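There are 2 protein chains.
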Amino acid sequence: MSQKSLFIKASIEQMIETQKLRVGEKLPSEIEMAKQFGVSRETFRAAVKLLEQEGKLLVKHGVGTFIIKPLPSVPSSLEKLSSTGAMVRAAGMDEGERRDSLRMESCADKEWCGQLGLKEGEKVVVIERLRTVNGEPAVYSVNVMPHALTGEAFNAADNFSGSLFQHLEKSCGIYIVRAHTEIRVPLHIDPYCQKLLVRPETTVLQLKQLHYDEANRPVLYSLDYMRNDIFQFWIQRKRE
Amino acid sequence: MSQKSLFIKASIEQMIETQKLRVGEKLPSEIEMAKQFGVSRETFRAAVKLLEQEGKLLVKHGVGTFIIKPLPSVPSSLEKLSSTGAMVRAAGMDEGERRDSLRMESCADKEWCGQLGLKEGEKVVVIERLRTVNGEPAVYSVNVMPHALTGEAFNAADNFSGSLFQHLEKSCGIYIVRAHTEIRVPLHIDPYCQKLLVRPETTVLQLKQLHYDEANRPVLYSLDYMRNDIFQFWIQRKRE
DNA sequence: CAGTGGTCTAGACCACCGC
DNA sequence: CGGTGGTCTAGACCACTGC
Chain A
1 MSQKSLFIKA
11 SIEQMIETQK
21 LRVGEKLPSE
31 IEMAKQFGVS
41 RETFRAAVKL
51 LEQEGKLLVK
61 HGVGTFIIKP
71 LPSVPSSLEK
81 LSSTGAMVRA
91 AGMDEGERRD
101 SLRMESCADK
111 EWCGQLGLKE
121 GEKVVVIERL
131 RTVNGEPAVY
141 SVNVMPHALT
151 GEAFNAADNF
161 SGSLFQHLEK
171 SCGIYIVRAH
181 TEIRVPLHID
191 PYCQKLLVRP
201 ETTVLQLKQL
211 HYDEANRPVL
221 YSLDYMRNDI
231 FQFWIQRKRE
Chain B
1001 MSQKSLFIKA
1011 SIEQMIETQK
1021 LRVGEKLPSE
1031 IEMAKQFGVS
1041 RETFRAAVKL
1051 LEQEGKLLVK
1061 HGVGTFIIKP
1071 LPSVPSSLEK
1081 LSSTGAMVRA
1091 AGMDEGERRD
1101 SLRMESCADK
1111 EWCGQLGLKE
1121 GEKVVVIERL
1131 RTVNGEPAVY
1141 SVNVMPHALT
1151 GEAFNAADNF
1161 SGSLFQHLEK
1171 SCGIYIVRAH
1181 TEIRVPLHID
1191 PYCQKLLVRP
1201 ETTVLQLKQL
1211 HYDEANRPVL
1221 YSLDYMRNDI
1231 FQFWIQRKRE
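Which chain is which? The protein sequence lines are A and B, in order.
Under the numbering used here, the first residue of the first sequence is numbered 1, with each subsequent residue one higher.
Under the numbering used here, the first residue of the second sequence is numbered 1001, with each subsequent residue one higher.
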């Protein structure tokens, strides 16, 4: 039966798409709908709650539940955490990666030391990558991970070239589920930024991210410089 | 009794803060906890679900529920929709507003026409505002609303100077609950951007926002240029 | 296997809205 | 007032994990 409430949610979504339910209409009462679907009222409500959060239904206490106009769909949203490579592909780009360097450092003084909760001298793995799109530089990334976590999973010998996220999962059993991200506009004189300023209409945005695993352990610090003439950055903001 | 589940949520949060529950510990089983709180299991679970979403608990199916290290708290997050004025105050700034203009226009050809779902020629109210912080320009905003929605609520005669959001609620009964926001880095030659480039270390970020009411009607289009040396922009990204 | 969380149920009572 | 959604309950059964 796999998730009655999800099945109901999908059913309602489909009814909206096929206009069996029209924008502005009021749904029958929850008791009625639950009966129609042959489920309990709470189960039906679980589906409604999800649809309400997605902005597809408007629930008015004491009045009813209404179908509202779907928001225009929008290119993938920043709140959904994905690897930088996935963002490139989501933008419909052919990725031609070029890894610039992989090195080991002793953590000292850098911002990422504190962010990753490391003491001076602890070792970190640093990967710098330049990604190109149609032969032009498009993204420059610096990724820093504590060596204590990764072990030897990132030996230079490895033919590692894919998603950092996947590699962390497979080789280290580390699942990144969350990131705190600061969105910044770098100065033009920033050397990383300059690598991307290849056209007059190019501007560059910087994502400064600290990634956490399921238990909120900081696992990966990353700095991404992304060309804004290639990538779009959307978020959905909600009033609490 | 006002929300048993919320009371339980707050109780657990407090127990974590006061170290009655410690990071890494496993909670007693749901049945046990529900008994302790004198509520049903579902009610207790509702509280747990909220805390899980906030990243304060880790629930492992078949294993147990664990207290995890709280994420470092972070300046207010972009996903929480607030008015620009509120963002200024949240940044701990004294706001010295200066309204530059309020005018009526016939909608033609501009980007906001399409965004607000207007036809050519329909009237819009346009408010441009410069906000200063410590005497320096900090934010430049352009706000566009369909005149059909606002009516005469924005007559130039009004001594309107506060939050646009509040004014829309009180005078027009319009509640903004959501916004689709594009985050952009403007070109240096953008005239609005230039108004803010008063220091060598200043960079400027642009928020291009379409605000919706409860029924997903586009209500307000806004363009905000914000100095990144004054404001920080954070989001929390989650993997789905 | 025993113990955990995940889902669902039938029914109760309350809070809100419009008439 | 009647009808709506909001919350809670006691209990059932299932799915997953670790021993």
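A virtual CB, placed ideally from N, CA and C, is assigned to each residue, including glycine.
All values derive from a computational prediction rather than experimental measurement.
Between the region 1207-1225 of chain B and the region 1181-1198 of chain B there are three or more C-beta pairs closer than 8 Å, enough to call the two in contact. Residues of chain B with a Cβ closer than 9 Å to the Cβ of A/V198 do not exist; the shortest Cβ-Cβ separation is about 15 Å.
Membership of B/I1235 in any alpha helix (DSSP H) is not indicated; the residue belongs instead to the beta strand (DSSP E) covering F1233 to K1238. Of all C-beta pairs linking the region 1214-1226 of chain B to the region 1140-1149 of chain B, three or more are shorter than 8 Å, placing the two stretches in contact.
Membership of A/T65 in the beta strand (DSSP E) is indicated by the continuous run G64 to I67. B/V1125 has B/M1104 and B/M1145 as its beta-bridge partners, per DSSP. One thing to note: B/K1195 has its Cβ within 8 Å of the Cβ of B/P1137.
For B/L1168, the enclosing alpha helix (DSSP H) stretches over residues L1164 to C1172. Three or more beta-carbon pairs separated by less than 8 Å are not found between the region 1027-1046 of chain B and the region 187-202 of chain A, which leaves the two stretches without contact. Under a criterion of Cβ atoms nearer than 9 Å, the residues of chain B adjacent to A/R239 are, in order, K1080, L1081, S1082, F1165, Y1175, I1176, V1177, R1178 and A1179.
Residues of the same chain with a CB within less than 6 Å of the CB of B/C1172, apart from the 5 flanking positions on each side, are T1150 and A1153 in chain order. Taking a contact as a CB-CB distance under 8 Å, the pair B/D1224 and B/T1202 does not count as one, their CB atoms being some 15 Å apart. The CB of B/P1186 comes closer than 8 Å to the CB of T203 in chain A, given here in chain order.
Rounded to whole angstroms, the separation of the alpha carbons of A/V23 and A/M33 is 18 Å. The region 115-124 of chain A and the region 91-105 of chain A touch, with no fewer than 3 CB-CB distances between them shorter than 8 Å. Think of a sphere of 7 Å around the beta carbon of A/E182: the chain B residues whose beta carbon falls inside it are Q1232, F1233 and W1234, in chain order. Think of a sphere of 7 Å around the beta carbon of B/E1025: no beta carbon from chain A falls inside it, the nearest being about 12 Å out. Within the region 186-216 of chain A, the runs of alpha helix (DSSP H) that reach at least 4 residues and sit entirely inside it are, in chain order, 191-194.
Contacts with chain B (Cβ-Cβ distance below 8 Å) from the region 52-79 of chain A involve G55, L58, F66, I68, K69, P70, L71, P72, V74, L78 and E79, listed in chain order. Taking the C-beta atoms as reference points, A/P72 is found no nearer than 8 Å to A/W234. By alpha-carbon distance to B/V1088, the top candidate from B/Q1232, B/G1064, B/L1021 and B/E1240 is B/Q1232. At a cut-off of 8 Å, the C-beta of A/N228 has a neighbouring C-beta in chain B. Using a CB distance cut-off of 8 Å, A/E214 counts as an interface residue toward chain B. In the displayed model, B/R1045 falls within a helix according to three-state DSSP. Residues of the same chain with a CB within less than 6 Å of the CB of A/H211, apart from the 5 flanking positions on each side, are I176, A179, V219 and L220 in chain order.
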